[in-house]
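Mapping of the sequence shown onto the numbering used here: position 74 corresponds to residue 781, and the numbering continues sequentially without gaps.
First the structure, in the form of structure tokens, and then the observations on it.
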Amino acid sequence: MPPLPLKLILAGRDDHDPALQALASALRDGGMEVVYLGKAPAATVLADVALQEDARGIVLVGVERVDIPDVPVASIDPDSEDGGAEALRQLLENLS
């Protein structure tokens, strides 16, 4: 049986953020399962969703990083020089 795909929660500034939608598509194309939340909810909701979905990590795009026990979180700034690629790379590296 092949291994299950890596599941990530993805949330951002608003429901129609093009960077968030492009990232969701790229992650799915890369073989990951993405739970797309659109606009980032409160940290407690993020934690609940991560636990319910058995997600391995949370990716926040353009919003303040939150700390959630036992769930790795990457906060990506799409306006940064690398578009947040380094933060995402570090999260994925830590999950593998």
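For every residue, glycine included, the Cβ atom is placed at its ideal position computed from N, Cα and C.
Only a predicted model underlies this, so the values are computations on that prediction, with no experimental measurement involved.
Distance CB(residue i)-CB(residue j) smaller than 9 Å
i, j, result
"LEU713", "GLY764", "yes"
"ALA757", "ILE783", "no"
"VAL741", "LEU711", "no"
"GLY769", "ARG735", "no"
First through last residue of the alpha helix (DSSP H) which encompasses residue i
i, result
"GLU800", "792-802"
"LEU750", "Checking the sequence shown, residue 750 turns out to be Ala, not Leu. It spans 750-760 - the alpha helix (DSSP H) in which ALA750 sits, taken as one unbroken run."
Beta-bridge pairing of residue i - partner residues as DSSP gives them
i, result
"LEU767", "ALA718, SER782"
"GLY737", "Paired residue(s): none; GLY737 is not in a bridge."
"VAL742", "ILE716"
Cβ shell of residue i (< 6 Å), same chain only, five flanking positions each side left out
i, result
"GLY745", "ASP722"
"GLY791", "ILE783, ASP784, PRO785"
Own chain partners of residue i with C-beta closer than 7 Å, once the 5 adjacent residues on each side are dropped
i, result
"TYR743", "LEU717, ALA731"
"GLY737", "none"
"ARG772", "VAL780, SER782"
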